[in-house]
Structures are given as C-alpha cells and as structure tokens.
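Participant: First, the structure itself, so that you have it in front of you.
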Amino acid sequence: EEKKEEEGATPGTPGLSAAPSTPAFTAAPSTPAFVAGAAPGTPAQPSASSAAIVLQAQAPQPYTGPVQKWVISLEPKSFESFMHKHPQVLDPTDTRVRKFAESFADKADLAKVSIKEFFISVEKRFGEQRQGRKPRTVTTLRAALQKRMDREAKAQLEAKKDSAGKSVEGQKEKKMMTPTSTSTKKKKDEEDPDCVSLTSKEDVSWAASILAPLGLHQEGERSGELVAQPPSSLTLPMLRGLKVIDNWPDLRTLLKESQLGKIVNGLRRHSDPDVVRSAKELMEGWKTACSKSALLAAKVARAAEAAAEKVKEKEKEKGEKKRKGAEA
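Position one of the sequence shown corresponds to residue 1 (my numbering), numbered consecutively onward.
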C-alpha cells in the first residue's frame, strides 16, 4: 500500500478512520421529569425548545482532522469482485454519459462552450475518463449540442409559422395523436440501454478495453485468458453491440488487431450464463462471417486471375498479328 498525504496533513495521524475520543451524543436523563400539580406518574411533555436542544446535542460532529489519500493495490480476483459490485469504477454507461451531456448542452453557452470545460465537468461527475472513452464522450457532446440547436431552430420555425398563421382566416384541422405513436416515438428517440452503438474502429478498441479491463495473460498455462472478468451489466450490452461488425470489411484483421477474438472467447468462462451464451453466439457469428469473407475473397481472387489471363491472351494475339503483318 502506498500512502499519499495532502499538504497540511500530519504524518502518522489516521485521517479517514479517526474519530473524536469524546462521543458527540448526549445521554438522555434516566429519571423522567414530572409536572407539578399533575397526576402522580404523569411524565412531563418536552417543549419545542428543549426538543431542539436535544436534537442539536445528538447531531454527529463532522470530522475536521487531517485528510489522507490512499492508493490501494488489489489482486485481480479482488478487483474483479469489486468491479462486479461497482461497475461504474470501470466505465460509466453510454446512457448516463448521454444524459449528462444533454444536461450540460442545455445549460451551456453555445458561443463559448469548449471540450475542455466539458471534460472537467465529466470528470467531476464520473471520475477520470479512460483513454478509449474520450473520443466517444466528445462525439456524445457534439450530438447533444446538435440536438439542442435543432430543437431551437424548430422552435423558431414554429414561432414564425404561428405568427404568419394569425393573419390567415380559418383554423387548420387538428390531428389526433394516439398514445401508442407517442410512446413509440419516445422509445425511438431514446438510446437503447441494452445495446451499445459501435460505428468505428476506435469504438471497437474501446469495447475491447471494457471487456478485458486488466488485459490478457501473456505467459504460462493461462496465456491468452482474461486476467479479470468484466461485470455483466457492462458486458451484455457490449456483446449485443458487437454483432454489427459481422458485416464490416476485413473482419478477420479487425479481430486480430483488437484481440477481440481472444477476449470474447475468454468470456465463455464468465460466471454469468447470459454472458457465456452471448459470447458463444457472437463467436459463431464471427466464424460464419469470416468463412463467407474468405470464400468471397477467394472468388474475387479467382476472377482477378481469370481477367489477367484474358488480358495476356489478348496481348499475345495482338503480338501475333503484328508479327504476321511484318512478315507479309
């Protein structure tokens, strides 16, 4: 364990666990008070002022001693157990980041807003951002700012239409909106929390860092296995989102460079049966896609060879014609 003390802290004095030696609570009197002139055995009712004094005396006193920060090193299994109980230490979900970005965009000054200011607010809310998460967070902010600008532009357009419509006689027929259509539209506008959207190679690299938070074993009998299994709440949406890369070009190279093939294969040893099932389905889909891609590549290669042979034959025929013409 490595102990880091802030400026002004007293070395050797415990900070977080220290407590005042004198209790901050006042014991209630053991003998009940009685009102003069009342019936024997009738306890006195405390007044509002006396009740306030008792509550104030019983309020715990805040700790004002020196503050210390501790950097704690955990074994992989211990960290894995901690991650499963507190998934937010690994990475915040896309839904939480999106809602925070939309709230930030609604309050921000569009003429002065900056990425740096946004990241300061994000780190205050969620802690330090993982390197792979930062580009995705920037994209989320841009989408939130664009959403606000579109909303404001739409409001201005509707205001102009309303002002122009006041001079026109008559009233337009109102269309009835059913609750089903409203709920469907709302569901479409909101991000699906059960599936992570992946649109680029950077997103795939970020997904690999979430699914293998401590990487892979490099040596020994467990070489290629996950050092720690990720929490299910982050793993399942990620596996569902990774289904889209089946149709990406050069899938085999992408899986090899990002090590996603090894990582997802290692998830088949996860303690959650849903994660195991999703990992197996994803691996089968990738194998099928890679086989189809290999067959397509072989077909394209054969077609290219055939085209090259035809070109050579035509060139050979032209050469023969020229030679015969020269002899004649």
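Every residue gets a Cβ at the ideal spot worked out from N, C-alpha and C, and that includes glycine.
1. I need the boundaries of the beta strand (DSSP E) containing W70, first residue and last residue.
2. CA-CA distance, L236 and V276?
3. Excluding five sequence neighbours on each side, which residues of the same chain lie with their C-beta closer than 6 angstroms to the C-beta of E102?
4. Report back the beta-carbon spacing between L267 and G261 to the nearest angstrom; my notes put them in contact at under 8 angstroms.
5. If you reduce the DSSP assignment to three classes, tell me which class L413 lands in.
6. Kindly give me the distance between the Cβ atoms of D331 and V196, rounded to whole angstroms, as I take these residues to be in contact under 8 angstroms.
7. How far does the alpha helix (DSSP H) with P237 in it extend, from its first residue to its last?
8. From the DSSP secondary-structure annotation, give me the bridge partner or partners of L226.
9. Could you tell me whether the stretch 246-255 touches the stretch 278-287, where touching means 3 or more Cβ pairs closer than 8 angstroms?
10. To the nearest angstrom, report how far apart L74 and E305 are at their CA atoms.
11. Would you mind working out which of T140, A111 and D106 sits nearest F119, comparing C-alpha positions?
12. Who are the Cβ neighbours of S21 in its own chain at under 7 angstroms, not counting the five residues just before and after it?
13. Going by other Cβ atoms of all chains shown within 10 Å of its Cβ, with 16 needed for buried, is E80 buried or exposed?
14. Secondary structure at G261, three-state DSSP: helix, strand or coil?
15. Between the stretch 83-98 and the stretch 125-140, do at least 3 Cβ pairs fall closer than 8 angstroms?
16. For S258, which residues from the same chain have a beta carbon less than 7 angstroms from its beta carbon, with the 5 sequence-adjacent residues on both sides left out?
17. Report the CB separation of A105 from R148 in whole angstroms; it is logged as a contact under 8 angstroms.
18. State the Cα-Cα distance for the pair F100 and V300, rounded to the nearest angstrom.
19. What span of residues does the alpha helix (DSSP H) with S209 cover, start to end?
20. Go ahead and pull the three-state DSSP assignment for A326.
21. Report yes if the C-beta distance between E202 and P135 is below 8 angstroms; otherwise report no.
22. For the candidate residues E152, P231 and Q131, whose alpha-carbon lies nearest to that of K85?
23. In three-state DSSP terms, what is W248?
24. Rounded to whole angstroms, what is the Cα-Cα separation between P60 and V138?
25. Would you call the CB atoms of L214 and P66 closer than 8 angstroms?
Facilitator: Per the coordinate set shown:
1. Q68 to V71
2. 10 angstroms
3. A144
4. Not confirmed; about 11 angstroms, so no contact.
5. Absent from the structure is residue 413, since the part of the chain shown begins at 1 and ends at 328.
6. Any property of residue 331 remains undetermined from this structure, which presents the chain solely from 1 to 328.
7. S232 to G241
8. L216
9. yes
10. 58 angstroms
11. T140
12. Confidence is the limiting factor: at S21 the pLDDT is only 43, short of 50, which leaves the residue's position unreliable, though a coordinate-based value still follows. Around S21: no qualifying Cβ.
13. buried
14. helix
15. yes
16. V204, S205 and A208
17. 5 angstroms
18. 48 angstroms
19. K201 to L211
20. helix
21. yes
22. P231
23. coil
24. 43 angstroms
25. no
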